[in-house]
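Enquirer: Quick one: the structure is below, questions incoming.
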Amino acid sequence: MGSFIKKDLLLFWRDRKELITVLVLPILLVVVLNFAFAGLLSDNANENLDLQLAVVNQDNELETLARLKEKLMEEGSVSNSEAEKMVEQASQLSPIPLLFNYLESDELKSWVTVHELEEGEAVKKVEDGEIDGILTIPSGFTVDSLYAALAGEVPATSLKFKMERETNNNSILFDMIHGFTDHLNFQFVVQEIGASDAEVFLPEGGFEKVGTGESFTLSQYFTIAMGALFALFLASTVATKTGLEIRQKVFYRIQLTNSNPILFLIGKMVSTFCLAWLQIMFVFVFSHFILDVFSDRTTSFWLGVIGIVTILSLAIAALAAVFTSISLRITNIDAANGIFMLVILFFGVVGGNFVPIYILPSWLQKIGEWTPNGSSLVALTNWIQYEELSSIVTPSLFLIGFFLLFTVVSVAIYPKRGKTS
Amino acid sequence: MLETINLSKSFKGKKAVQDVNLYLDSGESVGLLGPNGAGKSTTISMISSLVKPTTGEIKLNGVNIIQKPEQMRKVLGVVPQELAIYEDLSAYENLKFFGFIYNLKGKELEKSIQQALEIVGLTDRQKDLVRTFSGGMKRRVNIAAALLHRPEILILDEPTVGIDPQSRNHILETVRMLNELNGTTILYTSHYMEEVEQLCDRLYVMDHGEIIAAGTKGELLSILSTEDTIKVELSKMDEMFIEQVKTIEGVRKVEASQVNLKIIAKKGINLVSELVHLADQYHIQMVNFHTESPSLEDVFLHLTGRTLRD
Amino acid sequence: MKSVIWAQFAKDKRNPLFLLLFIAASILATLLFAGGIQAPTTVAIFSEEANAQEIEAKWQKLLNANDTFQFEIVSPEKAREDVRNGKIDVAVKVMEMDYRLIAASELPSVSFVQQHVEKVFQREAQIRAIIDANGNEHVRSEITSYLENPPIQIEAQGLDSEEVPNYNMSIQLLYAFTFLIAMFILGLKVNHVTHDKVAGIWNRMILSPMRKTGMYCGYICYSFLITLFQVIVVLLIFKYVMNYEVGDQLWLVILIAAFFIFSMISVAMLITGFVKTPEQFYAIYPSVIPLIPLISGAYMMPGTITNPVLLFVADIFPLSHAMEAIVSVVFFHAGLSDVIMSLFMMLLIGVVAMGLGINLIERRSS
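Protein chains in written order, with full-length UniProt numbering: chain A, 1 to 421; chain B, 1 to 310; chain C, 1 to 366.
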């Protein structure tokens, strides 16, 4: 048996290019993903944004109040004095100055740059990609909207947000302006109802942490997700190597020696186990040193991680054995590899290694726990947060279950002598 | 028609083949003999233009073809050592493909395929997937694939490796037939002495990347012609007797095992009477006595100090 | 060249299952993910006050006004347990006029939920204040109806059209997954070069009068045709069987796909140049491929990735250019002249990678 294990490990050792790929790629990926998503999706996302907003103001602000008064008297048949009073009141809520105040507020300054432009120029700049979107204030907007507010009618004109195409930046700009108009409208209601002096008790909000657990970060997610994902790839790599052994007729020789088939599989399993273990630990340790993923964690935390990685590696090793048996049975190495890839992609997806599983339909999420990578993700997530043994017992049992199941399956479908492809 | 001059090849500074000079006459069947790793495959890879020689020339009908391998490839058929065929295609489909790449089409292609199949005796099984074939049959498809364009020169690189004696005989017969009936020039590589002895008019012996001997079988054997091997079976063994035999003039080497003696001695000396005389002195009877001619195996042993299958 | 295509096809027609499996996978992946994106994220809410039921019902209604999230009432124990086990990212504990978020992570989804919840609670606090000041419950409906047609309105438009360009994430994902699977298929096919090399068939072809260019073209064309077949079949199924809006200009989409496939075949050829055996190829290729759509932003809204280094890396791979062109054509009705730059970039990547790849392969064999 020792000789089988030694052979498989040596085969890997000799092919150092592959070995290095297997070890370095996941780390590279963790770094790249962190890079890609850092800041983008975190709490202070806006700090990294640099949005360019063009404002095209076609509304002639100077005569507004006079025209509003005119309109109120003509169309709303309001008396002169009443109209004057209403205009006076509305002037406090004149939307355009408020909008500019908002756009130039300190809160927005750091990530939104406002350009006041003519329409033609703005459109050109959007087409050139210099500006994300255009906010157009149409002529007569102030009069129309204030009139609508006072008369309780639907306004004739509205603000226009123009974009070339829908992008992330555009959505943020639109949401931002929309949020502001919502706020403004609410002020109008309050004024309309005449309760502007009501005392508002704003909610306190905030977070309540679960237990005393540590919070779980995106970097940590990437680290454990990529670690488990690449361990899956390793299983298929090992199985594919069997193709090489068939081609070089080594496998026939091994069969001829009358060795117990289990020995051949155990060789594969042990070498996969060693490599998977090394690989995942590599990902953890390097991510930690490069990205400071697990800062200030105790020795017992790391021991727990090693424990989970160990049983995950066992499950992966057994999966490699199943793949090996399949590749001994399937005549076409491409077909075998195609199957491995699809299985891994499926496992990876439903196990939550490619994307956080909550974006999947719930029935798929449930399947996710039934994959080795999915279980290990649950175990590691819990361990990172709570460091409680009780929280990792179930997923660990799952992993051991996978190990046993896969081992049995691999032996069961291992080809009888003379039946290999 | 084919000649190599001081052909050498180094891989990363390591010399794989050194100063190989060999020639093939039209219609000849020539063997290239040597143990594994002697440089045979590299030599024929250079001849077949797959590997560029580091130095040296390859001449086809007197023209150096290293820079223009197309001419060589046209007249050459190569049967590689590995099974260079698609296992997932039938024998027929394989040959069709290899015929295609030699620009054969239509009836001509069909005719070539059927001929090649007939030569290797696989006409009945042509529609079956190569995957289902025995090792010997795969080897035969491997040969057939090199025959489609009717090459003038056929190079076979260990075409019988790893197959049963029956298939082996079949392949040897095929090669002999190609040579004798079709007049195809053959360069046959092997580390099996018997095959080369059986098939080839002339042979080259390679070891450590160099040709260490060349000639017809007779010529090679005459390398050993200054010696005779005499085998004697005795009624009993006596150390003193052996010591005495060694002192006989002309005896070069004596090997003893149990009651057998193998004596290598200069050709032409009269050992018999000396031996009879000595045996009498020690009260030993000679049960059996015969003189052996050397084999190619002995020649190889003599030249390299090791056997072919080391 | 034709002979190589013929032989590869003859081999593959015995294993049609393989291609069918991949076609099915591209459709399945799209259905799973695109569906998942559209469905609102479920967020658990619960209350631990005395009149929990009443409070829960009140807030559920208010919180569900927006369809991005689906707020569901669960028991406090289950909510805490699920958050703890990572089954859900966040739960909301609601009180009479206040809330607490229960979260165990700093994942982005948490802050999205937080923004929404905060807005709803603040608005409700203001309304509550008005009601209390007026002492009149009818004010609520007054406010609601007022806000349905507010005086200040904003609408989104296209640059030169009334309609907002109708971007659709599911359709983008459809293309992303189709291309992802296409990359796998073409990789497996390009790998036949290494296959035939280790089998010695490659040498046989070299010895034949067939030109080197013919040999390479054979493998490239075959991989190209098979992959293009997969893409076209998948798109046709989506368009005509499942009635997805894959775009009106199918021919232009297929043209982009064709450029992409060629370009990606070249990249696969480049990887082939680095490996000795088909098995090595299998060890490297499948682990590299899933990264490409990630860094190319194929799973995200255009413009989500802003990091210049990452953008540069993404530009090296054909997928980013293909997705850009596809998005323009499918959602924004771009014509051939608008995507010509993307096509050109893919061609350029293709030619460079192919040159390097073949060079490496040739250097290996001599």
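Even for Gly, the Cβ is constructed at its ideal location relative to N, Cα and C.
Is B:Ala256 closer than 8 Å to B:Met237 when the C-beta atoms are compared?
Expert: Taking 8 Å as the Cβ cut-off, B:Met237 and B:Ala256 qualify as a contacting pair.
Enquirer: Examine chain C for any beta-carbon lying closer than 8 Å to the beta-carbon of A:Ala149, and answer yes or no.
Expert: Answer yes: the Cβ-Cβ gap between A:Ala149 and chain C drops below 8 Å somewhere.
Enquirer: Rounded to a whole number of angstroms, what is the C-alpha to C-alpha distance between A:Phe301 and A:Leu380?
Expert: So the alpha carbons of these two residues sit roughly 10 Å apart.
Enquirer: Have a look at the DSSP bridge pairing and note the partners of A:Asn60.
Expert: Bridge partners of A:Asn60: none, in fact.
Enquirer: So C:Phe18 contacts chain A; which residues on that side make the cut at Cβ distance below 8 Å?
Expert: Correct list: Asn332, Asp334, Ala335 and Gly338.
Enquirer: According to the neighbour-count rule (16 or more other Cβ atoms, all chains shown, within 10 Å of its Cβ), is A:Asp43 buried or exposed?
Expert: Caution is warranted here: a pLDDT of 44 is assigned to A:Asp43, below 50, making its placement in the model unreliable, and no coordinate value can be reported.
Enquirer: For C:Glu245, which option in C:Ala10, C:Phe344, C:Tyr216 and C:Phe332 has the closest C-alpha, if you only look at C-alpha atoms?
Expert: For C:Glu245, the nearest C-alpha among the options comes from C:Phe332.
Enquirer: So which residues of chain C does A:His288 contact, with C-beta pairs closer than 7 Å?
Expert: What A:His288 touches in chain C: nothing, since even the nearest Cβ is about 17 Å away.
Enquirer: State yes or no: is the C-beta of C:Leu319 within less than 8 Å of the C-beta of C:Ala298?
Expert: It is a contact, given that the beta carbons lie within the stated cut-off.
Enquirer: Identify, in the order they occur along the chain, each residue of the same chain with its Cβ nearer than 6 Å to the Cβ of A:Val30, setting aside the five sequence neighbours on each side.
Expert: Within the same chain, A:Val30 has close Cβ partners Phe222, Thr223, Met226 and Ser287.
Enquirer: Using a 10 Å radius around the Cβ and a threshold of 16 neighbouring Cβ atoms, would you call B:Gly218 buried or exposed?
Expert: The residue is exposed, with fewer than 16 neighbouring Cβ atoms inside 10 Å.
Enquirer: Quick check on C:Leu188 - is its C-beta less than 8 Å from some C-beta in chain B?
Expert: No, its Cβ sits nowhere closer than 8 Å to a Cβ of chain B.
Enquirer: Which residues of the segment 41–75 of chain B have a Cβ closer than 8 Å to any Cβ of chain C? Give them in chain order.
Expert: Taking 8 Å as the Cβ-Cβ cut-off against chain C, the residues of the segment 41–75 of chain B that qualify are Ser48, Ser49, Leu50, Val51, Lys52, Glu70, Arg73 and Lys74.
Enquirer: Hey, which unbroken runs of the alpha helix (DSSP H) at 4 residues or more fall wholly within the segment 118–205 of chain C?
Expert: Counting whole runs of 4 or more residues, the segment 118–205 of chain C contains the alpha helix (DSSP H) stretches 139–148, 169–190 and 192–199.
Enquirer: Would you check if the distance between the CB atom of A:Val322 and the CB atom of A:Val409 is smaller than 8 Å?
Expert: In contact: A:Val322 and A:Val409 (Cβ atoms closer than 8 Å).
Enquirer: What residues from chain C crowd round A:Asp296, counting only those whose CB sits closer than 7 Å?
Expert: Going along chain C, no residue has its Cβ under 7 Å from A:Asp296, so there is no contact; the nearest lies around 16 Å.
Enquirer: Who pairs with B:Phe11 in a beta bridge, going by DSSP?
Expert: DSSP lists B:Lys14 as partners of B:Phe11.
Enquirer: Looking at the secondary structure, which residues open and close the alpha helix (DSSP H) in which C:Leu252 lies?
Expert: Where C:Leu252 is concerned, the enclosing alpha helix (DSSP H) stretches over Leu250 to Phe274.
Enquirer: CA-CA distance, B:Lys74 and A:Val285?
Expert: Roughly 60 Å separates the two Cα atoms.
Enquirer: Figure out for me which residue from B:Val205, B:Ser273, B:Val245 and B:Gln244 has the closest Cα to the Cα of B:Gly37.
Expert: It is B:Val205 whose Cα lies nearest to the Cα of B:Gly37.
Enquirer: Using a Cβ-Cβ cutoff of less than 6 Å, which residues in the same chain neighbour B:Asn61 once the five nearest sequence positions on both sides are dropped?
Expert: Counting only Cβ-Cβ distances below 6 Å, and skipping sequence neighbours, we find Met1.
Enquirer: What's the C-alpha gap between B:Leu109 and A:Lys416?
Expert: C-alpha separation (whole angstroms): 41 Å.
Enquirer: Is the segment 93–100 of chain C touching the segment 116–125 of chain C, taking contact as three or more C-beta pairs under 8 Å?
Expert: Yes, the segment 93–100 of chain C is in contact with the segment 116–125 of chain C.
Enquirer: Tell me, which residues are paired with B:Gly215 by DSSP?
Expert: B:Leu203.
Enquirer: Decide if C:Thr272 is buried, meaning its Cβ has at least 16 other Cβ atoms within 10 Å, or exposed.
Expert: So C:Thr272 ends up on the buried side.
Enquirer: So is B:Arg139 buried or exposed if we call it buried at 16+ other beta carbons inside 10 Å?
Expert: Counting Cβ neighbours within 10 Å, B:Arg139 comes out buried, since at least 16 surround it.
Enquirer: First and last residue of the beta strand (DSSP E) that includes A:Gly133?
Expert: A:Gly133 -> beta strand (DSSP E) spans Gly133 to Ile137.
Enquirer: Drop a sphere of 10 angstroms on the beta-carbon of A:Trp13, count the other beta-carbons inside from all chains shown, and report buried for 16 or more, exposed for fewer.
Expert: Exposed is the call here.
Enquirer: Return the bridge partner residues of A:Val238 from the DSSP annotation.
Expert: A:Val238 is not bridged to any residue.
Enquirer: Could you give the first and the last residue of the continuous alpha helix (DSSP H) run that contains A:Gln191?
Expert: Run containing A:Gln191: Asn168 to Ile193, per the alpha helix (DSSP H) assignment.
Enquirer: How many whole angstroms separate the CB atoms of A:Val189 and C:Tyr146, which I take to be in contact at a CB cut-off of 8 Å?
Expert: Right, the Cβ-Cβ distance comes to about 5 Å (below 8 Å), so this counts as a contact.
Enquirer: Which of the three DSSP states, helix, strand or coil, is assigned to C:Phe69?
Expert: Reduced to three states, the DSSP call for C:Phe69 is strand.
Enquirer: Take every Cβ of the segment 77–90 of chain A, pair it with every Cβ of the segment 106–113 of chain A, and state whether three or more of those distances are shorter than 8 Å.
Expert: The segment 77–90 of chain A is not in contact with the segment 106–113 of chain A.
Enquirer: On the CB-based measure, 16 or more other CB atoms within 10 Å of its CB, does C:Tyr240 come out buried or exposed?
Expert: Exposed: under 16 other Cβ atoms inside 10 Å.
Enquirer: Using CA atoms only, rank isn't needed, just tell me which of A:Ser376, A:Thr324, A:Gly351 and A:Asn373 is closest to A:Ala412.
Expert: If we check each option's Cα against that of A:Ala412, A:Thr324 comes out closest.
Enquirer: Which residue's Cα is closest to the Cα of A:Gly243: C:Ile201, C:Met183, C:Glu279 and C:Arg363?
Expert: Closest option to A:Gly243, Cα to Cα, is C:Glu279.
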